[in-house]
Amino acid sequence: MSSPSSRFGVVTGGGTGIGRFIALALAGEGAEVLICGRRERLLRETAAAASDLPGRLDCFPADLERDADFDLLVQRVRSRGGPVHFLVNNAGVSGMNPLAGSGEDDPWDRILNLNLTLPYRLCRALVPLMATGGRVLNISSVLGKFGVAGYSAYCSSKHGIIGLTRALAMELAPRKITVNAICPGWVDTDMARQGMQNSAARLGISVDQFHADAMSRVPMGRMLQPEEIAPLALYLLSEAAGMMTGQAINLCGGATTA
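Okay, so the sequence shown: first residue is 4 according to the numbering used here, each after it adds one.
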């Protein structure tokens with residue numbers, strides 16, 4: 004694969020959380036990264052944080068669920084002219100959808116569309132532009148390995164992204180393109196904090212009690228910080244990881260072994 008200074012790729016959900024730190028890590032290695040997200044202010048804050056790094060972060064504010072925005076992203080990548088070296092499918096959404104809940108506001112379609120269908124569509128659009136030896140990294144979850152009551156849509160989408168990872172790894176192996184997934188446990192992000200609030204409300208307990216109960220099931224006893232995902236992502240996106248593909252790697256403080 005090309006040297007770090009000439010690498011280019013896309014990170015979705017690059018304005019906050021896990022996506023932000025993966026993008027900054029890539030810029031630290033000299034890559035040019037197009038970061039996508041719906042909130043332009045956060046994208047620009049992330050890009051500004053890379054100002055002293057050897058690489059560059061370019062912002063593409065967009066709602067990729069909208070076909071027009073999706074097409075503009077693909078056009079932007081094509082207009083650059085060179086190959087794509089990596090794609091990080093990080094953008095995602097969570098939400099509860101218990102069977103006993105109201106069907107009027109069921110988030111099933113949106114969660115499946117953003118967490119699973121969008122990564123597939125991005126692969127279908129951008130992998131043809133990808134260099135031999137390129138890298139696709141999907142952000143799944145430990146909820147892609149087991150289920151949680153009330154989160155059938157989110158669990159289904161994260162199980163699905165692991166299946167997509169494994170199938171595309173086999174399909175793209177002849178081009179030496181690797182496809183892997185990271186499955187984080189509890190990560191200290193806005194999405195996780197909202198999930199804790201929702202789950203605590205469903206159980207009729209305080210958020211502090213829910214947090215304590217959740218951490219009691221994590222052998223390392225704490226949440227991950229989003230920056231702790233970046234080193235593993237950087238490895239999976241590197242030339243050194245050329246023989247690792249089709250893997251869904253847990254990064255969860257031991258929660259999946261407890």
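Virtual Cβ for every residue (Gly too), placed ideally from N, Cα, C.
Just so it is clear, the structure is predicted and the values come from calculations on it, not from any experiment.
> Exposed or buried, which one is residue 192 when buried takes at least 16 other CB atoms within 10 Å?
Replying inline: Working through the sequence shown from its first residue, we reach residue 192 at position 189. Residue 192 comes out buried.
> Shortest alpha-carbon distance to residue 114 belongs to which of 72, 161, 259?
Replying inline: To locate residue 114, count along the sequence shown from 1; it is residue 111. When only C-alpha atoms are compared, the closest one is 161.
>> Between the alpha carbons of residue 177 and residue 136, how many angstroms are there, rounded?
In response: Residue numbering aside, residue 177 sits at position 174 when the sequence shown is read from its first letter. Residue numbering aside, residue 136 sits at position 133 when the sequence shown is read from its first letter. Using only the alpha carbons, I get a separation of about 10 Å.
> Relative to the ligand MG, is the shortest distance from any of its heavy atoms to the C-beta of residue 116 smaller than 7 Å?
Replying inline: The ligand MG is not part of this structure, which contains no ligands at all.
>> Mapping the DSSP letters down to three states, classify residue 126 as helix, strand or coil.
In response: Counting from one through the sequence shown, the residue named residue 126 turns up at place 123. It is helical.
> Looking at C-beta atoms only, is the number of pairs between the stretch 40-52 and the stretch 11-22 that lie closer than 8 Å three or more?
Replying inline: yes
> Which of the three DSSP states, helix, strand or coil, is assigned to residue 46?
Replying inline: Residue 46 sits at position 43 when you count from the first residue of the sequence shown. Residue state, collapsed to three classes: helix.
> What residues are listed by DSSP as bridge partners for residue 89?
Replying inline: Counted from its first residue, the sequence shown places residue 89 at position 86. Residue 89 pairs with 12, 138.
>> For a test of the three-state rule: what should DSSP assign to residue 114, helix, strand or coil?
In response: In the sequence shown, the residue the question calls residue 114 occupies position 111. Helix, per DSSP.
> Quick one: Cα of residue 235 to Cα of residue 205, how far?
Replying inline: On the sequence shown, position 232 is the one that residue 235 refers to. On the sequence shown, position 202 is the one that residue 205 refers to. Cα to Cα, residue 235 sits roughly 34 Å from residue 205.
> Is the stretch 236-247 in contact with the stretch 130-147, if contact means three or more CB pairs nearer than 8 Å?
Replying inline: yes
>> So for residue 201, helix, strand or coil by DSSP?
In response: Locating residue 201 in the sequence shown gives position 198, where the first residue counts as 1. The answer is helix: DSSP assigns residue 201 an H, G or I state.
>> Given this structure, state the Cα-to-Cα distance separating residue 23 from residue 186, to the nearest angstrom.
In response: Position 20 of the sequence shown, counted from the first residue, corresponds to residue 23. Position 183 of the sequence shown, counted from the first residue, corresponds to residue 186. Those two C-alpha atoms are separated by around 17 Å.
>> Helix, strand or coil for residue 102? Go by DSSP, reduced to three states.
In response: Numbered from 1 along the sequence shown, position 99 holds the residue referred to as residue 102. Residue 102 falls in the coil class under three-state DSSP.
> In whole angstroms, what separates the C-alpha of residue 14 from that of residue 104?
Replying inline: Walking along the sequence shown from the start, residue 14 turns up at place 11. Walking along the sequence shown from the start, residue 104 turns up at place 101. Distance between the alpha carbons of residue 14 and residue 104 is about 34 Å.
>> Could you tell me the alpha carbon to alpha carbon distance between residue 163 and residue 57, rounded to whole angstroms?
In response: Counting from one through the sequence shown, the residue named residue 163 turns up at place 160. Counting from one through the sequence shown, the residue named residue 57 turns up at place 54. Going from the Cα of residue 163 to the Cα of residue 57 covers about 36 Å.
>> Between which residues of its own chain and residue 222 is the CB-CB distance below 8 Å, once the five residues before and five after are set aside?
In response: Reading the sequence shown from its first residue, position 219 is the one you call residue 222. 256, 257, 258, 260, 261.
>> Between which two residues does the beta strand (DSSP E) holding residue 39 run?
In response: Your numbering for residue 39 matches position 36 in the sequence shown. 35-40 is the extent of the beta strand (DSSP E) around residue 39.
>> According to DSSP, residue 252 sits in a beta bridge with which residue or residues?
In response: For this step, residue 252 is matched to residue 249 along the sequence shown. Answer is 185.
> With distances taken from CA atoms, which of 70, 244, 94 is nearest residue 179?
Replying inline: Residue mapping note: residue 179 aligns to position 176 of the sequence shown, counting from 1. When each option's Cα is compared against that of residue 179, the closest is 244.
>> Our contact map puts residue 120 next to residue 183 with C-beta atoms below 8 Å; I'd like the distance itself, whole angstroms only.
In response: Counted from its first residue, the sequence shown places residue 120 at position 117. Counted from its first residue, the sequence shown places residue 183 at position 180. Their Cβ separation, rounded to whole angstroms, is 20 Å, which puts residue 120 and residue 183 out of contact at 8 Å.
>> Using a 10 Å radius around the Cβ and a threshold of 16 neighbouring Cβ atoms, would you call residue 12 buried or exposed?
In response: Counting from one through the sequence shown, the residue named residue 12 turns up at place 9. Residue 12 should be labelled buried.
> Can you list, in chain order, the residues of its chain whose CB lies under 8 Å from that of residue 65, leaving out five sequence neighbours each side?
Replying inline: Mapped onto the sequence shown, residue 65 falls at position 62. These residues qualify, in order along the chain: 39, 40, 41, 72, 73, 75, 76.
> Residue range of the alpha helix (DSSP H) that residue 59 falls in?
Replying inline: Here residue 59 refers to the residue found at position 56 when the sequence shown is read from its first residue. Not the alpha helix (DSSP H): residue 59 falls in the beta strand (DSSP E), residues 59-64.
> Would you call residue 10 buried or exposed, if buried means 16 or more other Cβ atoms sit within 10 Å of its Cβ?
Replying inline: Counting from 1 along the sequence shown, the entry for residue 10 is found at position 7. The residue in question, residue 10, is buried, as its Cβ has 16 or more Cβ neighbours within 10 Å.
> How close, in whole Å, do the beta carbons of residue 91 and residue 37 come, if the pair is a contact with beta carbons under 8 Å?
Replying inline: Taking the sequence shown and counting its residues from 1, the one referred to as residue 91 is at position 88. Taking the sequence shown and counting its residues from 1, the one referred to as residue 37 is at position 34. The Cβ separation is near 10 Å, so there is no contact.
> First and last residue of the alpha helix (DSSP H) that includes residue 219?
Replying inline: Here residue 219 corresponds to residue number 216 of the sequence shown, with the count starting at 1. Counting along the chain, the alpha helix (DSSP H) containing residue 219 begins and ends at 210-219.
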